[in-house]
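The structure under discussion appears below in the form of structure tokens.
And the structure:
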């Protein structure tokens, strides 16, 4: 079974991100990135969780070149594959060589997905930084930019409900 949504049926003890707070979070992340002096030429979202935060950050930072990298790790709520797997279609790697790239995801949990993506992109001599809405204490890698740390399961507004065909 493919994970389509967070388990929003029982919200007790979970971190709930609303659409309103999401807007504030991406603005705060964009401000962190801007104040750091890093000026990304390309923003790459980790699909699927990073696509909505990535889209918001492209506007807040004025980045017009965007792409996505497909990585599968979660197979259901709190269930993962043994290792993250890159899925097709792949990035146009020649277009990212020697560029300033911002990788965006919704959360860094174990850190294994982000580590895989960073390793791949740094192999193209790119200056790569990472931004996430949430970081968990279990991560093996620390993103460059984080909005909030939490040890709770996170319910995102874009994935709080299953697809309409499964309701």
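Numbering (full-length UniProt numbering), first residue to last: 1 to 167.
From the three backbone atoms N, C-alpha and C, an ideal C-beta is built for every residue, glycine too.
All values reported here derive from a predicted model rather than from experimental measurement.
Exercise for review: May I ask you to report which of helix, strand or coil DSSP gives residue 125?
Suggested key: coil
Point to revise | Nearest-angstrom Cβ-Cβ length linking residue 40 and residue 11, presumed shorter than 8 Å | key: Residue 40 to residue 11, Cβ: 34 Å. No contact.
Point to revise | Distance CB(residue 43)-CB(residue 57) smaller than 8 Å | key: yes
Review point. Touching or not, the segment 141-150 and the segment 159-167, by the rule of three or more beta carbon pairs under 8 Å?
Key: no
Check your understanding: Apart from the five residues just before and just after residue 139, which ones in its own chain have a Cβ nearer than 7 Å to its Cβ?
Key -> 108, 109, 110, 111
Point to revise | Spatially closest choice to residue 132 from 19, 63, 14, 52, by CA coordinates | key: 52
Practice item. May I ask you to list the residues that DSSP assigns as paired with residue 42? Key: 65, 101
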